[in-house]
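Novice: Handing you this structure, nothing more for now.
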Amino acid sequence: MVTQNVPVEPYSVGLPATPESLVLQHEVEQLLYLEARLLDDWNLDAWLTLYTPDARYIVPTTDLPEGDPASDLVFIDDDYRRMQGRVVRLQSRHAHREYPWSRTRRFISNVMVTAQDGNEIEATASVAVWRFRAGEASPYVGRYDVRLRRVDGNLRICRKRAILDLEELSDHGALSIIF
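Quick note on this note's numbering: the sequence shown kicks off at 1491 and runs consecutively.
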């Protein structure tokens, strides 16, 4: 059997390696690591400061990971105001699924800056979150697609899409932590 050589479109490996792009890569990694630490420490007020006032935080359903919140059902579609409300609720005793708080540990890896257009940067990263509560350990695994913007010299998150790799949440029942 003879196989035909078909040209394959090269897979994007992010920005070309230049001194500037390596510094940017480091900045993006450090921002995502900081976000993970603040969430694991339940320092939600500080976590909010990593976001721009026009930010969106989206968690699509597991059956439609590329779904559009404008036309498809999603688990979470928060603007900054709703993110503030989520923080207030999670810090209160009224968040019954998270009071007392679960212990979590986030692992961020495979961070890749995929595009830069002026003041905005796009990046992707793999994430694993372990949630420990009531003697049980629950893994949440997925990917972050983020859009970042430089504000007053610092990178801030203006859009975060957290895509779960889980086929369903039935073992977990709900997504009560910030993924």
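The beta-carbon is built from N, C-alpha and C at its ideal position, and this holds for glycine as well.
Keep in mind that this is a model prediction, so the values were computed, not measured.
Got a sec, what are the start and stop residues for the alpha helix (DSSP H) residue 1626 sits in?
Specialist: For residue 1626, no alpha helix (DSSP H) run applies; the uninterrupted beta strand (DSSP E) run containing it begins and ends at 1626-1641, by DSSP.
Novice: Do the region 1563-1573 and the region 1611-1630 make contact, defined as three or more Cβ pairs closer than 8 Å?
Specialist: no
Novice: If you draw a straight line from the C-alpha of residue 1565 to the C-alpha of residue 1656, how long is it?
Specialist: Those two C-alpha atoms are separated by around 13 Å.
Novice: Report the three-state DSSP secondary structure of residue 1550 (helix, strand or coil).
Specialist: Per DSSP, reduced to three states, the secondary structure at residue 1550 is strand.
Novice: Quick one: grab the DSSP three-state call for residue 1507.
Specialist: coil
Novice: Starting from residue 1534 and walking both ways along the alpha helix (DSSP H), at which residues does that stretch end?
Specialist: 1534-1538
Novice: In its own chain, which residues sit with a C-beta less than 7 Å from the C-beta of residue 1607, not counting the 5 before and 5 after it?
Specialist: Here the set comprises nothing.
Novice: Counting only the same chain and skipping the five closest in sequence on each side, list residues whose C-beta sits under 7 Å from that of residue 1639.
Specialist: 1542, 1609, 1610, 1646, 1648
Novice: Run through DSSP, which three-state label would residue 1568 get?
Specialist: The answer is strand: DSSP assigns residue 1568 an E or B state.
Novice: For residue 1615, write down the residues that DSSP places opposite it in a beta bridge.
Specialist: 1634
Novice: Our contact map puts residue 1577 next to residue 1538 with C-beta atoms below 8 Å; I'd like the distance itself, whole angstroms only.
Specialist: 6 Å
Novice: Pull up the distance between the alpha-carbon of residue 1520 and that of residue 1562, whole angstroms please.
Specialist: Computed Cα separation, rounded: 32 Å.
Novice: Taking all protein chains shown into account, decide if residue 1554 is buried (16 or more other Cβ within 10 angstroms of its Cβ) or exposed.
Specialist: exposed
Novice: Excluding five sequence neighbours on each side, which residues of the same chain lie with their C-beta closer than 6 Å to the C-beta of residue 1597?
Specialist: 1618
Novice: Buried or exposed: where does residue 1498 fall if 16 or more other Cβ atoms within 10 Å of its Cβ makes it buried?
Specialist: Legend: pLDDT at residue 1498 = 48, less than 50; position of this residue unreliable, value from coordinates given subsequently. A residue is called buried once 16 or more other Cβ atoms fall within 10 Å of its Cβ, and residue 1498, having fewer, is exposed.
Novice: If you count every other CB in all the chains shown that lies within 10 Å of the CB of residue 1512, and 16 or more means buried, which is it?
Specialist: Within a 10 Å sphere around the beta-carbon of residue 1512 sit fewer than 16 other beta-carbons, which makes this residue exposed.
Novice: Would residue 1615 pass as a contact of residue 1631 if the rule is Cβ separation under 7 Å?
Specialist: no
Novice: Do the CB positions of residue 1595 and residue 1531 come within less than 7 Å of each other?
Specialist: No, the pair does not count as a contact, with Cβ atoms beyond the cut-off.
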